[in-house]
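Down below is the structure, laid out as structure tokens.
Number of protein chains: 2
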Amino acid sequence: MSSSELKNAGLKATLPRIKILEIMQKNRAGHMRAEEVYQALRDEGEDVGLATVYRVLTQFEDAGLVIRHHFEGGHAVFELDEGHHHDHLVCVKSGNVIEFTDPIIEERQKAIAKEHGFKMTDHTLVIYGVSAEYQKPED
Amino acid sequence: MSSSELKNAGLKATLPRIKILEIMQKNRAGHMRAEEVYQALRDEGEDVGLATVYRVLTQFEDAGLVIRHHFEGGHAVFELDEGHHHDHLVCVKSGNVIEFTDPIIEERQKAIAKEHGFKMTDHTLVIYGVSAEYQKPED
DNA sequence: ATGTATGCAAAACATTTGCACCTGG
DNA sequence: CCAGGTGCAAATGTTTTGCATACAT
């Protein structure tokens, strides 16, 4: 249940937090913007302010429950942190996203951070391309 | 000279464009925010508006002269496009950026795209971390 | 109870745009 | 000269914050 996950994370189990966590869990596949989470709440008839959505998502991020990504477009997107890091393969035609991890790349990233004296906190790798079904011969 | 580079790119060689290009070339090492470019102009006594800096940087991006990155922090940074791809190591404390390329990672990315039937068009890898000089012992 | 969380509105940023004026070719 | 470029200010879009009220423990 969501409320115990929240308490585990050191957060009081308030209604907005429970609802927002549930929405993130329901939308496990997608990366949501704060505004989209807010809309999803309203669609469920919940009266939660946008400011609260931002506050809660930030708390979730601090608690390690979600990851905030800064893709292009001047806004952040959030996804549930399911514990295992992954990278993204994005189809520029369809917008489809495939997740993957590659042990060799992970290894090299660690080595590179170390070489430069960095204590790595995070890393993101996005490969943009055209997926098989969208490759038209005439393109 | 900057003005011929601009004409090559199909842009009229106006004073703001020339100055902004020169600033980007002088700061070849760094990734600059629009605000920083604007400050650099003012430091040189040039009377260029911030809106123009944004407009010119966007034109430069369209013309392939600069690359716009969306790292953390809710703002974009721009760097000269020198034609060769590279990845980034970003210090989350200072905002410093180090560029690198790793042949093994490049190779793996190609392989992964291929495995998934993707025709790769682009890729970005950012490693976030704390650089040596910002690592406090007690942390 | 009581300290924390929330909602609302306003503020704070980053970026874009409308419009009258200026400038490069 | 004249289309396109620029400066300024106002508009936009996103995220944060101040403050009085509501809520979880």
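Which chain is which? The protein sequence lines are A and B, in order.
Residue 115 in the numbering used here is what sits at position 115 of the first sequence, and the numbering runs on without skipping anything.
Each number in the numbering used here comes from the position in the second sequence (counting from 1) with 139 added on.
All C-beta atoms, glycine included, are put in the ideal place defined by N, C-alpha and C.
Name the residues in the stretch 118 to 137 of chain A whose C-beta lies less than 7 Å from a C-beta of chain B; which are they? F118, K119, M120, T121, D122, H123, T124, L125, V126, I127, Y128, G129, V130, S131, A132 and Q135
Using the beta-carbon of each residue, which ones in chain A are nearer than 7 Å to F239 of chain B? In the second sequence, residue 239 of chain B corresponds to position 100, counting from 1. Result: I112.
Measuring CB atoms only, is the stretch 41 to 51 of chain A touching the stretch 100 to 107 of chain A, in the sense that at least three cross pairs come out at less than 8 Å? no
When you compare the CB of E200 of chain B with every CB in chain A, is at least one pair closer than 9 Å? Indexing the second sequence from 1 puts residue 200 of chain B at position 61. No, E200 of chain B does not count as interfacial toward chain A.
Below-9 Å beta-carbon distance, H70 of chain A vs any chain B residue: Start at 1 with the first residue of the first sequence, and residue 70 of chain A comes out as number 70. It does; some Cβ of chain B falls within 9 Å.
Over what stretch of residues does the beta strand (DSSP E) that includes L80 of chain A continue unbroken? Along the first sequence, read from residue 1 onward, the residue named residue 80 of chain A stands at position 80. Element bounds for L80 of chain A: V77 to L80.
D102 of chain A by DSSP, collapsed to three states: which one? If you number the first sequence from 1, residue 102 of chain A lands on position 102. Looking at D102 of chain A - three-state DSSP - the assignment turns out to be coil, as it is neither helix nor strand.
According to DSSP, residues forming a beta bridge with H170 of chain B: By 1-based counting over the second sequence, the position of residue 170 of chain B is 31. None, per the DSSP bridge assignment.
Counting pairs of Cβ atoms below 8 Å between the stretch 156 to 164 of chain B and the stretch 116 to 131 of chain A, do you hit three or more? no
To the nearest angstrom, report how far apart A271 of chain B and E185 of chain B are at their CA atoms. If you number the second sequence from 1, residue 271 of chain B lands on position 132. If you number the second sequence from 1, residue 185 of chain B lands on position 46. Straight-line Cα distance between these residues: approximately 37 Å.
What would DSSP say about D186 of chain B, mapped onto helix, strand or coil? For this step, residue 186 of chain B is matched to residue 47 along the second sequence. If DSSP states are grouped into helix, strand and coil, D186 of chain B belongs with coil.
For a cutoff of 9 Å on Cβ pairs, would you count Q164 of chain B as touching chain A? Your numbering for residue 164 of chain B matches position 25 in the second sequence. Not an interface residue.
So which of A:D122, A:S3 and A:E115 has the shortest CA-CA distance to I20 of chain A? Here residue 20 of chain A corresponds to residue number 20 of the first sequence, with the count starting at 1. It is A:S3.
Which value, in whole angstroms, describes the spacing of the CA atoms of A202 of chain B and R172 of chain B? As a working mapping, residue 202 of chain B is identified with position 63 in the second sequence. As a working mapping, residue 172 of chain B is identified with position 33 in the second sequence. Distance between the alpha carbons of A202 of chain B and R172 of chain B: 18 Å.
For the stretch 242 to 252 of chain B against the stretch 196 to 210 of chain B, do three or more pairs of beta-carbon atoms, one drawn from each stretch, fall closer than 8 Å, so that the two count as touching? no
Cβ-based burial, L154 of chain B [other Cβ within 10 Å; buried from 16]: Taking the second sequence and counting its residues from 1, the one referred to as residue 154 of chain B is at position 15. Classification of L154 of chain B: exposed, given that the 10 Å Cβ count is below 16.
Going by C-alpha distance, which of B:I157, B:H214, B:N147 and B:T260 is nearest V90 of chain A? The residue you call residue 90 of chain A lines up with position 90 of the first sequence. For the residues B:I157, B:H214, B:N147 and B:T260, the minimum Cα distance to V90 of chain A belongs to B:T260.
Inter-residue Cα distance where the pair is V195 of chain B and G212 of chain B: Looking up residue 195 of chain B in the second sequence gives position 56. Looking up residue 212 of chain B in the second sequence gives position 73. Straight-line Cα distance between these residues: approximately 22 Å.
On the three-state DSSP scale, how would you describe A40 of chain A? Sequence index remark: in the first sequence, residue 40 of chain A carries index 40 (1-based). DSSP places A40 of chain A in helix when its eight states are reduced to three.
Is the Cβ-Cβ distance between G30 of chain A and E79 of chain A less than 9 Å? Sequence index remark: in the first sequence, residue 30 of chain A carries index 30 (1-based). Sequence index remark: in the first sequence, residue 79 of chain A carries index 79 (1-based). In contact: G30 of chain A and E79 of chain A (Cβ atoms closer than 9 Å).
Can you name the start and end residues of the beta strand (DSSP E) that L264 of chain B belongs to? By 1-based counting over the second sequence, the position of residue 264 of chain B is 125. Taken as a continuous stretch (DSSP letters only), the beta strand (DSSP E) holding L264 of chain B covers K258 to V269.
Figure out for me which residue from A:R17, A:V97 and A:K119 has the closest Cα to the Cα of V140 of chain A. Since the displayed chain A opens at 1 and closes at 139, residue 140 of chain A lies outside it and no answer follows.
Comparing alpha-carbon positions, which option in A:K119, A:E115, A:V77 and A:A9 lies nearest E35 of chain A? As a working note, residue 35 of chain A is residue 35 in the first sequence. The shortest C-alpha separation from E35 of chain A is found at A:V77.
Quick one: is G74 of chain A near chain B, going by C-beta distance under 9 Å? Residue mapping note: residue 74 of chain A aligns to position 74 of the first sequence, counting from 1. Chain B, which has a Cβ nearer than 9 Å to the Cβ of G74 of chain A, makes this yes.
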